[in-house]
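Notes for the one structure printed next.
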Ligand code: GLV
Ligand code: MN
Ligand code: MN
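Put into structure tokens, the structure is as follows:
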């Protein structure tokens with residue numbers, strides 16, 4: 005059966021990626037903007053659903069907007085899934101998430117066109133709202149699949165316009181009060197493997213074709229609000245100022261300094277958004293809001309770093325006579341992916357004589373969340389120059405096509421292995 009599994013088709017991969025990239029609020033050179041829980045994201049899900057329907061697969065959308073297509077297996081039982089997400093960051097690239105969805109579509113096409121047999125049902129999934137850019141909270145749909153939301157928590161998370169996640173869901177016809185119905189049942193799912201672009205430069209720099217992920221970083225995100233005193237930039241002497249932006253500048257450098265401490269080898273700490281108020285060239289900034297993202301593969305170091313940033317930020321603000329408040333936006337732990345599932349993909353790479361390496365992911369992924377309820381694995385394909393979340397993000401269609409073959413073979417190997425084990 006595996007003899008019929010081929011590489012993905014590079015021409016079709018390019019065309020499917022272009023179909024999705026065309027659904028965007030921005031165009032080149034500003035990249036792709038298709039934010040979580042917007043009509044544009046839904047349009048992209050509908051395009052995917054159309055591909056699946058054209059292949060004759062059944063498609064459903066769950067209560068939070070995850071789209072799931074299914075091809076029944078010979079003997080029923082628990083499903084094996086693959087997929088990723090179709091939303092983007094503002095002015096982002098066309099591959100983050102999309103490569104994994106297109107790979108899933110290619111596997112679906114291969115399976116249907118060649119009428120390949122598999123025992124377990126195969127599911128092709130697009131998660132809603134993976135990017136944390138809008139709500140500060142990543143992996144919204146997959147967190148629901150992982151059973152990690154309550155209806156109340158969806159009301160508490162808000163975007164920068166004050167729209168709650170629950171309201172954004174309702175506006176698109178979903179039912180946040182029923183979020184628990186989106187949880188994947190352990191007796192319904194046997195495994196999930198996601199293909200994703202690496203978003204770093206390890207594979208390209210080493211000339212390695214495939215990354216197999218062992219560990220996905222966690223993130224702690226919070227907002228710091230720094231309140232000083234606004235006044236006239238000409239008439240206020242330097243000695244009498246409480247400039248919120250000067251304090252914020254120190255906080256930005258503090259984040260860099262803490263994460264660059266050699267004891268924090270894999271810690272990344274970033275201030276990615278700064279809102280300065282009133283934002284006038286002739287007024288001393290009175291208030292600044294900073295969005296801080298702390299990522300780590302070590303869960304205690306992740307939380308210690310976040311606490312350290314807040315406590316040292318307090319000292320800085322105290323010294324400057326400035327008020328500081330901190331508000332937690334989200335907190336997700338690092339996740340270790342199961343070794344036996346990684347072994348399946350490394351065996352496939354060996355069989356195909358491909359170069360591969362086991363590596364951790366610095367970015368968050370849907371597999372991190374569904375990994376709470378189903379064994380999850382991840383396959384990385386190279387990213388050009390390691391760039392991601394920017395318009396220049398790029399992975400070649402031939403690298404993705406190779407990833408499709410590794411993905412398809414891994415899914416079929418998993419199917420066979422589970423059958424052998426009677427699961
Ligand atoms: C998801 O792309 C993330 O921010 O890690
Ligand atoms: Mn992604
Ligand atoms: Mn992303």
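In our numbering, the protein residues as written are 5 to 427. Even glycine gets a Cβ: it sits at the ideal position worked out from N, Cα and C.
Could you tell me if residue i is buried or exposed, where buried requires 16 or more neighbouring beta carbons within 10 angstroms of its beta carbon?
{"i": "residue 70", "result": "buried"}
{"i": "residue 154", "result": "exposed"}
{"i": "residue 91", "result": "buried"}
{"i": "residue 285", "result": "exposed"}
{"i": "residue 49", "result": "buried"}
{"i": "residue 410", "result": "buried"}
{"i": "residue 86", "result": "buried"}
{"i": "residue 121", "result": "exposed"}
{"i": "residue 55", "result": "buried"}
{"i": "residue 283", "result": "exposed"}
{"i": "residue 156", "result": "exposed"}
{"i": "residue 36", "result": "buried"}
{"i": "residue 370", "result": "buried"}
{"i": "residue 64", "result": "exposed"}
{"i": "residue 33", "result": "exposed"}
{"i": "residue 210", "result": "exposed"}
{"i": "residue 173", "result": "buried"}
{"i": "residue 124", "result": "buried"}
{"i": "residue 26", "result": "exposed"}
{"i": "residue 105", "result": "buried"}
{"i": "residue 357", "result": "exposed"}
{"i": "residue 401", "result": "buried"}
{"i": "residue 382", "result": "buried"}
{"i": "residue 75", "result": "buried"}
Tell me the DSSP secondary structure of residue i in three-state form.
{"i": "residue 293", "result": "strand"}
{"i": "residue 233", "result": "strand"}
{"i": "residue 52", "result": "helix"}
{"i": "residue 226", "result": "strand"}
{"i": "residue 287", "result": "strand"}
{"i": "residue 343", "result": "helix"}
{"i": "residue 95", "result": "coil"}
{"i": "residue 60", "result": "coil"}
{"i": "residue 31", "result": "coil"}
{"i": "residue 4", "result": "Outside the shown range of the chain (5 to 427) lies residue 4, about which nothing can therefore be said."}
{"i": "residue 113", "result": "helix"}
{"i": "residue 168", "result": "strand"}
{"i": "residue 261", "result": "helix"}
{"i": "residue 324", "result": "helix"}
{"i": "residue 9", "result": "coil"}
{"i": "residue 189", "result": "coil"}
{"i": "residue 349", "result": "helix"}
{"i": "residue 40", "result": "coil"}
{"i": "residue 2", "result": "In this structure the chain extends from 5 to 427, so residue 2 is not present and cannot be described."}
{"i": "residue 362", "result": "strand"}
{"i": "residue 403", "result": "helix"}
In chain order, what residues of the same chain have a beta carbon less than 8 Å from the beta carbon of residue i, not counting five sequence neighbours either side?
{"i": "residue 46", "result": "69, 176"}
{"i": "residue 262", "result": "268, 271, 273, 309, 312, 313, 316"}
{"i": "residue 13", "result": "110, 405"}
{"i": "residue 9", "result": "114, 120, 409, 412, 413, 416"}
{"i": "residue 23", "result": "51"}
Whole angstroms is fine: what's the gap from residue i's alpha carbon to residue j's?
{"i": "residue 110", "j": "residue 305", "result": "39 Å"}
{"i": "residue 423", "j": "residue 15", "result": "34 Å"}
{"i": "residue 418", "j": "residue 83", "result": "11 Å"}
{"i": "residue 271", "j": "residue 302", "result": "8 Å"}
{"i": "residue 259", "j": "residue 313", "result": "6 Å"}
{"i": "residue 192", "j": "residue 336", "result": "25 Å"}
{"i": "residue 1", "j": "residue 99", "result": "Summary: the structure shown does not reach residue 1, with the chain confined to residues 5 through 427, and so no result is reported for it."}
{"i": "residue 149", "j": "residue 188", "result": "5 Å"}
{"i": "residue 362", "j": "residue 222", "result": "18 Å"}
{"i": "residue 93", "j": "residue 103", "result": "15 Å"}
{"i": "residue 186", "j": "residue 28", "result": "27 Å"}
{"i": "residue 240", "j": "residue 281", "result": "17 Å"}
{"i": "residue 332", "j": "residue 226", "result": "4 Å"}
{"i": "residue 60", "j": "residue 107", "result": "18 Å"}
{"i": "residue 462", "j": "residue 213", "result": "Only positions 5 to 427 of the chain appear in the structure, and residue 462 is not among them; the question remains open."}
{"i": "residue 334", "j": "residue 142", "result": "8 Å"}
{"i": "residue 217", "j": "residue 58", "result": "32 Å"}
{"i": "residue 425", "j": "residue 379", "result": "15 Å"}
Note down, in chain order, each residue of its chain lying with its Cβ closer than 6 Å to the Cβ of residue i, except the 5 sequence neighbours on either side.
{"i": "residue 147", "result": "153, 373"}
{"i": "residue 169", "result": "139, 158, 161"}
{"i": "residue 388", "result": "398"}
{"i": "residue 279", "result": "293"}
Might you give, ordered along the chain, the residues of its own chain that have their beta carbon closer than 7 Å to the beta carbon of residue i, omitting 5 neighbours on each side?
{"i": "residue 251", "result": "230, 232, 320, 321, 324, 326"}
{"i": "residue 6", "result": "With a pLDDT of 46 at residue 6, under the threshold of 50, the modelled position of that residue is not reliable, and the figure given next carries that caveat. These residues qualify, in order along the chain: 413, 416."}
{"i": "residue 247", "result": "232, 288, 289"}
- [ ] Pair every Cβ in the segment 392 to 401 with every Cβ in the segment 113 to 121, then say whether three or more of these pairs are closer than 8 Å.
- [x] no
- [ ] Take every Cβ of the segment 198 to 206, pair it with every Cβ of the segment 350 to 360, and state whether three or more of those distances are shorter than 8 Å.
- [x] no
Open item on the list: For the segment 289 to 301 against the segment 180 to 188, do three or more pairs of beta-carbon atoms, one drawn from each stretch, fall closer than 8 Å, so that the two count as touching?
Closed with: no
Open item on the list: Check whether the segment 129 to 142 and the segment 24 to 40 touch, using three or more Cβ-Cβ pairs below 8 Å as the test.
Closed with: yes
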